[in-house]
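Engineer:
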Amino acid sequence: MSCTDYAELTATVDRLLKERYSARYYLPDPVDKPWKVYCIAGSVRDAISAEMVAADKSKVPYKARYDYFPPVLPAEHAARKFDFGQLSLARWDEFFDAPVALIFTIHGELVQGSWMDLGHPMARMASAQAGYFMQSVTIGLRARGLEPVTQLSIPQYDDIIRKHLKTIPDTHIVACGMALGYPDLEKVKENYVFPKKLQLGEVLEVHGM
Ligand SMILES: Cc1cc2nc3c(=O)[nH]c(=O)nc-3n(C[C@H](O)[C@H](O)[C@H](O)COP(=O)(O)O)c2cc1C
1 MSCTDYAELT ATVDRLLKER YSARYYLPDP VDKPWKVYCI AGSVRDAISA
51 EMVAADKSKV PYKARYDYFP PVLPAEHAAR KFDFGQLSLA RWDEFFDAPV
101 ALIFTIHGEL VQGSWMDLGH PMARMASAQA GYFMQSVTIG LRARGLEPVT
151 QLSIPQYDDI IRKHLKTIPD THIVACGMAL GYPDLEKVKE NYVFPKKLQL
201 GEVLEVHGM
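In terms of the UniProt record's numbering, the sequence shown is numbered consecutively and its last residue is 209.
1) Is any non-hydrogen atom of ligand 1 found closer than 7 Å to the C-beta of TRP92, if you look at the structure I gave you?
2) With respect to 7 Å, is the separation between the Cβ of VAL37 and the closest non-hydrogen atom of ligand 2 below this value?
3) Restricting to Cα atoms, I'd like to know which of LYS197, LEU204 and ILE48 is closest to ALA79.
4) Please report how far the alpha carbon of LEU180 lies from the alpha carbon of ILE106, in whole angstroms.
5) So, helix, strand or coil for VAL149, using DSSP?
6) Between which residues of its own chain and ALA47 is the CB-CB distance below 8 Å, once the five residues before and five after are set aside?
7) Give a yes or no on whether the C-beta atoms belonging to GLU96 and VAL149 are separated by under 8 Å.
8) Relative to ligand 1, is the shortest distance from any of its heavy atoms to the C-beta of SER136 smaller than 7 Å?
9) May I ask you to report which of helix, strand or coil DSSP gives GLY177?
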């Protein structure tokens with residue numbers, strides 16, 4: 001591969017990463033089948049969404065099969081969580097009207113390392129689906145003009161989801177959801193709230209170069 005190819009690839013990947021955002025407003029246009037995760041659309045997506053909406057309204061407590069946050073967050077993370085809470089998160093239980101959603105599961109006996117899934121092919125096979133894989137899916141979707149919103153709010157309805165997706169094994173837990181579709185750019189423009197993001201210098205510390 002020539003240097004020019006790398007420059008072009010870098011520019012493309014950087015663009016896909018830098019320009020990504022949580023659309024939260026979608027066109028109803030259907031989407032081709034992507035990847036081998038639990039991909040829900042049409043009547044299955046609608047049935048799960050309807051039950052999640054009802055569950056949210058009923059105020060009956062539902063619980064994910066894992067803890068996303070510790071009981072007490074470290075102060076700096078609590079501050080960022082507060083900022084995140086200021087974003088408009090309504091309609092999450094309807095997958096933000098996205099026509100398709102992905103449900104990521106992981107074997108319940110796996111621990112931190114597998115959840116990070118650093119991307120070694122064996123690690124990926126062992127942990128099935130996790131953070132690194134989800135980022136790859138995100139980039140792949142963006143390259144196809146689709147916008148995903150990662151949804152930590154979905155695993156609390158693990159029971160509802162597995163009732164509809166009977167192929168999720170008992171050994172697996174619902175780790176995350178991801179709404180996806182073609183973004184409704186007009187609505188995004190009207191409603192998108194820019195979240196406060198850390199600058200590169202705040203997350204990167206360089207030693208020895
Ligand atoms: C693991 C993870 C879980 C998330 N869960 C939710 C969610 O439940 N609901 C939501 O509206 N956004 C969720 N998001 C999206 C974040 O709100 C969003 O990425 C962040 O505010 C930055 O904004 P941007 O994606 O528009 O750049 C999640 C993102 C990640 C990485």
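The beta-carbon is built from N, C-alpha and C at its ideal position, and this holds for glycine as well.
Structural biologist: From the atom records:
1) yes
2) Questions concerning ligand 2 fall outside what the structure shown contains, since the ligands it does hold are ligand 1.
3) LYS197
4) 20 Å
5) strand
6) HIS164
7) Note that residue 96 is Phe in the sequence shown, not Glu. Contact: yes.
8) no
9) strand
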